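Novice: Using this note's numbering, the first residue of the sequence shown is number 554, and each one after it goes up by one.
Dropping a structure here in structure tokens format, bear with me for questions.
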Amino acid sequence: MYIYICIYVYVKVIVSAVQKELYLLYGRMLAYFVVHNGPAPQMFSKNLYTMMVQGLEEYKPTPLDVAPDLHPCLQQVNSVKSEVITVVLNIRRRLLCSE
């Protein structure tokens, strides 16, 4: 579930960056490094670099990767998840007992 929330946060950031034309700026900076054989840029976060190089499937986010203002949402999702598991187990027990 964390991965979906992280993706949501990154999408919000991406939309904001596109509106501010930051990708154009970063693209120009990367092109400059490549053309002039400069040092590799160190401007990407570890998480973004992992997603770009290894793919989204290999990215394993943690709760610390999520913005602090979304932590209450994560706690709410976890509590709902545990409640759903409890309900499903109760239904399963009832079905098995009725047979």
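Even glycine gets a Cβ: it sits at the ideal position worked out from N, Cα and C.
Keep in mind it's a predicted model, so treat the numbers as computed, not measured.
Is Cys612 helix, strand or coil when you go by DSSP?
Specialist: Note that residue 612 is Tyr in the sequence shown here, rather than Cys. If DSSP states are grouped into helix, strand and coil, Tyr612 belongs with coil.
Novice: Taking all protein chains shown into account, decide if Met604 is buried (16 or more other Cβ within 10 angstroms of its Cβ) or exposed.
Specialist: Buried, because 16 or more other Cβ atoms sit within 10 Å of the Cβ of Met604.
Novice: I need the DSSP call for Glu619, collapsed to helix, strand or coil.
Specialist: According to the sequence provided, residue 619 is Val. The question's Glu does not apply to it. Coil, per DSSP.
Novice: Can a CB atom of chain C be found closer than 7 Å to the CB of Asn631?
Specialist: Protein chain content of the structure displayed is limited to a single chain, and chain C is not contained in it.
Novice: State the Cα-Cα distance for the pair Glu611 and Val564, rounded to the nearest angstrom.
Specialist: Their backbone Cα atoms lie some 18 Å apart in a straight line.
Novice: Taking the continuous alpha helix (DSSP H) assigned at Lys599, which residues delimit it?
Specialist: Lys599 to Gln607 is the span of the alpha helix (DSSP H), which, as asked, contains Lys599.
Novice: Between Leu627 and Pro616, is the Cβ-Cβ spacing less than 7 Å?
Specialist: Yes; because the gap between Cβ atoms is below 7 Å, this pair is in contact.
Novice: Using DSSP with H/G/I as helix, E/B as strand and the rest coil, what is Lys565?
Specialist: Three-state result, Lys565: helix.
Novice: How about Ala584 and Tyr576: are their beta carbons less than 7 Å apart?
Specialist: For Ala584 and Tyr576, no; Cβs fall outside 7 Å.
Novice: Would Asn631 and Asp618 qualify as a contact pair, given that the criterion is a beta-carbon distance under 7 Å?
Specialist: Not closer than 7 Å, so no.
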